[in-house]
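A.B. asks: Would you mind keeping the following structure in view while I ask a few things?
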Amino acid sequence: MTDRGSATDRIPRRWRRLNRGWRRIDWRWRAIRASFLPAGVIAAFDLPIPG
Numbered sequence: 032m033t034d035r036g037s038a039t040d041r042i043p044r045r046w047r048r049l050n051r052g053w054r055r056i057d058w059r060w061r062a063i064r065a066s067f068l069p070a071g072v073i074a075a076f077d078l079p080i081p082g
C-alpha cells in the first residue's frame, strides 16, 4: 500500500517536469509561429492575384 502510494507520488512529479518542458517547447514554437505569421501574410498579399 505504501509502495503504491510512493509510486503514484513519483508519477505526477515526473509528469509535472515533462509538462514544464512541453510548455517551454510550446512557447518557443508559438514565438516562431508568431514571427513567421506576418511574413506569411505579407507574402500572401504580395502574390499577384490573377484577374
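Taken in order, the sequence shown gives residues 32 to 82; the numbers are from our numbering.
We put the CB at the ideal spot given by N, CA and C, even for glycine.
1. Express the C-alpha separation of Pro-69 and Trp-46 in angstroms, rounding to a whole number.
2. Have a look at Pro-43 and Arg-55 and give me their C-alpha separation to the nearest angstrom.
3. Can you give me the C-alpha to C-alpha distance between Asp-107 and Phe-67, rounded to a whole angstrom?
C.D. replies: If we stick to the structure as given:
1. 35 Å
2. 18 Å
3. With the chain covering 32 to 82 only, the question about residue 107 has no answer from this structure.
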